[in-house]
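Worksheet: the structure to be examined is printed underneath.
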Amino acid sequence: MIINHPILGPRDSQEFVYLGDAALIDRPDGLAEGALDTFHDYLYLRDNPAGLHRELWYHEQGDRSWLVVTRNTLTHEITQVELARDVARARGRSK
Amino acid sequence: MTQSNRIPGGQIDRARSLSFTFDGVTYQGHPGDTLASALLANGQRLMGRSFKYHRPRGPISAGSEEPNALVELRGGARREPNTRATVVELFDGLSAESQNRWPSLKFDAMAVNDRLSNFFAAGFYYKTFMWPKAFWEKLYEPIIRRAAGLGSLSREEDPDQYDKGFLHCDLLIIGAGPAGLMAALTAGRAGARVILADEDFRMGGRLNAETHEVGGLAGADWAAQAVAELRSMANVRLMPRTTIIGAMDHGIYAAVERVSDHLPVPLPGKPRQILWRIYSRRAILAGGATERPIAFENNDRPGILLAGSLRAYANRWGVAVGRRVAVFTNNDDGLRTASDLKAKGLEVRVIDARKGEEVVDTAGRLGLSSVTIRSGGRTETFACEALAVSGGWNPNVNIASHHRGRPVWNDAIAAFVPGQGDIPGLEAAGAAAGRFSTRAALETGAAAAEGALADLGRSAPARDLPTAEDGPYAITPKWYVGGGKGRAWIDQQNDVTLKDVKLAHQENYTSVEHLKRYTTLGMATDQGKTGNVLGLAVMASLTGKSIPQTGTTVYRPPYTPVAMGTLAGRSRGQEFKPKRLTPSHKWASEQGAVFVEVGQWLRAQWLPRAGETQWRESVDREVLATRKSVGICDVTTLGKIDIQGTDAGAFLDKVYANTFSTLAVGKCRYGLMLREDGIVYDDGTTARLGQNEYVMTTTTANAVLVFRNLEYARQCLYPDMDVQLISTTEAWAQFSVAGPNARKLLQKLVDQDISDAELPYMGCREITVCGGLRARIFRISFSGELAYEIAVPTRYGDALIRELVEQGREFDAVVYGTEALGVMRVEKGHVAGNELNGQSTALNMGLGKMVSKKKDSIGMVLSQREGMNDPNGYRLVGVKPVDPAQKLTAGSHFLEKGAAPVIANDLGWLTSVVYSPHLGCSIALGYLKKGDERRGQRLRAANLLAGAEVEVEIVSPHFFDPEGERLRG
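Same order as they appear, the protein sequences are chains A and B. In this text, residue positions in the first sequence follow the UniProt record's numbering: the first is 1, and each later residue adds one. In this text, residue positions in the second sequence follow the UniProt record's numbering: the first is 1, and each later residue adds one.
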């Protein structure tokens with residue numbers, strides 16, 4: 001597969017390490033009320049879509065960017081590649 | 001031997017002769033021959049024995065689809081089983097052996113299987129040999145495996161090299177027949193970067209095997225002219241002897257180039273084969289079509305070939321398989337075989353299925369001698385040596401179906417063609433697209449290239465198609481000849497007959513996928529290239545469904561068999577993985593150190609001295625000398641990560657379970673890292689070198705993973721933190737210097753004062769050594785001794801170990817390896833890999849209090865789960881044998897005295913065992929249920945595998961200096 005890195009352009013997927021569902025970005029607050037339950041769901045409950053899937057890839061053999069890749073799990077078509085940091089910020093993460 | 005069956009013509013170099021052997025007999029052939037064509041030229045139709053029934057077999061094809069003519073090629077370590085004689089390029093001195101026969105190809109004792117064929121029908125494994133059950137593994141299976149088989153491996157190491165490579169192009173063209181050549185000319189002339197790959201050693205595809213003209217030239221000459229033009233273009237790369245084996249994602253294709261297979265041995269420095277990864281923007285599948293047989297009784301005798309292949313042997317190789325030839329066809333292409341062979345003066349008789357004529361049987365045990373036909377209700381037997389069969393042509397849809405795309409049935413040609421858009425960017429042309437005439441191949445090849453050029457934003461040159469035949473195909477499907485009692489083969493390589501398919505149907509295997517697995521149809525090395533569609537058609541006619549309703553099989557890479565060595569490339573032996581050497585490696589090698597692999601690293605395990613014959617002698621000495629005076633150990637392999645920024649401390653508070661933002665500048669702290677699920681992930685000391693600068697150490701094993709996770713936390717979880725990371729594992733050579741004289745030794749090298757007042761326990765400093773060399777010093781201890789770790793830029797590591805050893809002479813300093821390191825850490829009760837086993841919590845390790853609940857760190861929340869905080873759960877303990885003479889064994893399980901050794905009574909296990917020279921006995925760490933409440937108890941440590949057990953006493957894991965006085969000294 002080829003991943004179109006937002007900074008470096010098209011790169012072979014062999015340069016990357018795959019992590020999984022980009023929903024991992026939405027890490028709950030560990031100090032909030034009921035954190036045990038929210039963390040359980042956060043860590044263990046995943047969608048397994050046959051179709052578009054947003055997932056985390058790490059450019060380990062490259063610039064060390066974490067990317068959010070939108071990939072069709074049926075065709076491997078990649079429709080969007082974003083810097084995970086931008087996605088995290090857009091989803092309200094900060095410090 | 002004479003080439004008795006050689007006839008005039010063909011693209012072989014008759015001026016030169018090549019000598020080769022088959023089953024020890026020497027034959028002659030010519031450059032341009034394949035092994036099969038040369039053997040046929042010498043009248044040798046018999047080339048192998050079938051898989052199950054050991055039926056005598058000859059080639060049915062002239063290409064890579066060959067199911068029968070499999071041979072062992074070459075000898076010694078280069079012996080290669082299951083090589084298709086039809087694609088082996090002849091070279092002088094080639095030697096080949098037939099396989100799957102004993103004692104000889106002509107007299108094969110296992111041919112008795114053929115007489116017992118009723119026992120070997122589809123599913124015989126599951127029926128005949130079912131009972132008694134115990135006989136299967138010990139008796140039936142080994143016998144069957146021995147009887148049914150293919151060639152054998154040499155069992156020696158492959159002496160050749162295999163490479164991997166990367167290629168890029170605008171347009172990849174798969175196949176260099178008329179469609180592929182026309183596509184390449186069109187795209188090449190437009191200036192596009194083109195790769196044209198063909199599995200054959202001679203480009204031209206069917207043009208080399210036909211007599212029709214193209215552009216007023218003989219087809220083969222037109223092809224040669226096209227290849228010459230393409231060769232002159234700098235933007236075109238021609239890759240003969242190259243098979244595209246698979247369509248990967250996003251325009252990437254895998255290809256195997258047989259660089260040296262046509263030579264006796266590879267030229268110096270050249271690989272045998274190269275596995276290419278071809279990155280293309282567009283691709284054209286012009287892989288042609290494969291002819292299929294018709295199933296009739298005894299249709300597998302040597303001398304019965306596919307019609308197009310028989311014609312290819314005559315036209316391309318100047319070989320008449322027999323002087324008297326019968327042609328059984330259901331289409332006009334088969335008639336071409338008849339007319340071409342007639343024109344060469346052979347005696348030809350046509351059996352046209354479209355006129356109700358059919359072949360009902362054949363005779364000739366080791367080679368065809370006669371054919372029985374039925375026509376208009378009359379049967380007739382006549383003598384012939386060759387029978388050409390054409391049941392039609394199947395477009396080679398394989399590559400186009402590699403993304404799970406299902407090919408589409410086309411009634412007009414009674415065959416599957418590639419589905420539209422199954423692989424983005426791939427277009428089929430020519431026979432691969434079901435367009436069988438030469439004219440159509442040229443036209444669709446040009447059109448596919450024009451389409452690709454348009455996609456690439458290039459303008460195509462004006463279309464300039466040469467004149468070519470555009471004859472009809474006129475097929476009327478004819479799959480099998482019914483009514484007989486004998487066997488009619490569908491898949492010759494796996495010996496699957498019409499009967500087997502009927503039996504599978506009777507037994508209700510109605511899905512084609514089940515049919516395939518039950519009968520093994522299409523599951524041999526040829527992957528059913530000639531038999532699959534025929535089997536499907538038979539299935540369809542049995543069920544009364546149409547072929548598209550019956551389905552098709554899934555095509556997967558590779559297109560043709562690939563050697564394991566090609567897939568491995570250079571990744572074998574010492575080059576299987578990178579080898580990382582520590583800065584002291586050269587010095588340690590000079591000392592005769594014994595090394596151990598730790599991940600990719602080679603670390604000194606112990607350093608034997610003269611007279612030491614047994615590893616324990618060296619390890620005990622290293623431990624005792626360190627505890628007595630001073631020892632030095634290379635700890636460079638531990639991961640080192642520089643962490644800088646105004647939020648560095650806050651960041652560490654997130655990734656460590658304990659707190660680091662409060663650590664004073666110039667101090668170190670032991671850090672515990674959890675996974676998000678609360679299990680302990682890694683540990684190490686992290687030092688604060690400045691207000692906004694920390695340096696973290698990780699375990700050797702997790703150096704890469706921890707860094708990856710830190711980047712994950714930094715970018716995905718805390719994107720606005722001002723923190724930067726860089727791995728400095730390779731940048732610093734780091735040595736542990738431990739023992740009562742550690743400070744005295746180091747003070748000789750360090751330019752600054754490192755007295756206890758200046759550098760107390762857990763202190764760190766940036767210093768200089770040896771008169772100005774930049775260095776770092778950390779007063780940390782893994783051994784329990786007064787200890788330091790000192791780091792210098794890696795290029796000074798070798799000099800530093802030599803200087804430490806030199807300056808250490810007055811203290812009798814030793815250098816110790818990983819074994820002594822392990823002994824001392826167990827004596828001190830520190831956890832390491834065996835305890836950080838991916839299942840243990842901080843509580844299990846006795847470090848539960850380190851997990852701060854006041855801050856939100858990774859793993860903090862889920863570490864509070866009930867199951868992980870079981871008061872009856874495992875706790876880290878120390879273990880000693882009650883009788884010091886007894887040895888402990890790691891992995892032994894704790895049992896109460898008198899308790900039966902069953903799971904219900906299991907109390908835990910010994911994780912790490914060492915011999916402590918300090919205590920003079922075997923000692924261990926272990927995880928024990930309620931271990932913290934069991935100090936002083938006596939239990940059994942049972943090694944159930946060895947049937948041994950030792951009575952043990954549970955003690956504190958801190959065997960040595962539990963108050964820590966020594967390390968603070």
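Cβ coordinates follow ideal geometry from the N, Cα and C atoms, glycine included.
Asked, Found
"Unbroken beta strand (DSSP E) run spanning V87 (chain B), endpoints", "That residue, V87 (chain B), is in no beta strand (DSSP E); it is neither H nor E in DSSP."
"Residue environment, F166 (chain B), which counts as buried when at least 16 other CB atoms sit within 10 Å", "exposed"
"6 Å CB neighbourhood of A36 (chain B) in its chain, flanking five on each side removed", "P59, A69, A85, T86"
"Residues of its chain near F16 (chain A), where Cβ-Cβ distance is below 7 Å and the 5 sequence neighbours each way are ignored", "I3, W57, Y58, H59, E60"
"Cβ-Cβ distance between L967 (chain B) and S781 (chain B) below 9 Å", "yes"
"Element boundaries [beta strand (DSSP E), containing F39 (chain A)]", "Taken as a continuous stretch (DSSP letters only), F39 (chain A) belongs to no beta strand (DSSP E), being part of the alpha helix (DSSP H) at 35-44."
"Buried or exposed by the 16-neighbour rule on C-beta atoms within 10 Å, applied to I7 (chain A)", "exposed"
"Opposing strand residues paired with Q724 (chain B) [DSSP bridges]", "B:Q644"
"For A363 (chain B): DSSP bridge partner residues", "B:S370"
"Residues bridged to N4 (chain A) (per DSSP)", "A:P10"
"Check whether S476 (chain B) and N331 (chain B) have beta carbons under 9 Å apart", "Checking the sequence, you will find Thr at residue 476 (chain B) rather than Ser. It is a contact, given that the beta carbons lie within the stated cut-off."
"Interface positions of the segment 861-875 of chain B facing chain A (Cβ-Cβ less than 8 Å), listed along the chain", "V861, L862, Q864, R865"
"Beta-bridge pairing of D683 (chain B) - partner residues as DSSP gives them", "B:L672"
"Counted within 10 angstroms of its Cβ, other Cβ atoms place K478 (chain B) as buried (16 or more) or exposed", "buried"
"Inter-residue spacing [alpha-carbon to alpha-carbon] between residue 995 (chain B) and P793 (chain B)", "In the structure displayed, chain B extends from 1 to 969; residue 995 (chain B) sits before or after that span and is not available."
"Of the listed residues B:K897, B:P760, B:A38, nearest to A320 (chain B) (C-alpha basis)", "B:A38"
"Cβ neighbour criterion (16 or more within 10 Å) applied to E622 (chain B)", "buried"
"Chain A residues whose Cβ lies nearer than 8 Å to that of D720 (chain B)", "R89, R93, S94, K95"
"Chain-ordered residues of the segment 58-76 of chain A with a beta carbon less than 8 Å from chain B", "Y58, E60, R64, S65, W66, T75, H76"
"Any chain A beta carbon closer than 9 Å to V481 (chain B)", "no"
"Supposed contact pair T34 (chain B) and V71 (chain B) - C-beta distance, whole angstroms, cut 8 Å", "Not confirmed; about 11 Å, so no contact."
"Residues near A664 (chain B) in its chain [Cβ-Cβ closer than 8 Å; skip 5 each side]", "R688"
"Residue nearest to G482 (chain B) in terms of C-alpha spacing, selected from B:A400, B:E357, B:E507, B:V554", "B:E357"
"Simplified DSSP assignment, three categories, for G20 (chain A)", "strand"
"For F20 (chain B): DSSP bridge partner residues", "B:Y27"
"Inter-residue Cα distance where the pair is K897 (chain B) and G645 (chain B)", "57 Å"
"Cβ-based neighbour list, R27 (chain A), same chain, cut-off 7 Å, excluding 5 preceding and 5 following", "Y42"
"Check whether R336 (chain B) and C384 (chain B) have beta carbons under 9 Å apart", "no"
"Collapsed DSSP secondary structure at A415 (chain B) in the structure displayed", "strand"
"Interface partners of T36 (chain A) on chain B, CB under 8 Å", "Note that residue 36 (chain A) corresponds to Leu in the displayed sequence, not to Thr. Within 8 Å Cβ-Cβ: V861, L862, Q864, R865."
"One or two residues paired with V630 (chain B) in a DSSP bridge", "According to DSSP, V630 (chain B) bridges with nothing at all."
"Where V851 (chain B) falls: helix, strand or coil (DSSP)", "coil"
"Contact set for K164 (chain B): own chain, Cβ-Cβ below 6 Å, skip 5 residues either direction", "L275, G569"
"9 Å Cβ cutoff, A50 (chain A) in contact with chain B", "no"
"Rounded distance between the beta-carbons of L18 (chain B) and F91 (chain B), thought under 8 Å", "6 Å"
"Three-state secondary structure (DSSP) of C921 (chain B)", "strand"
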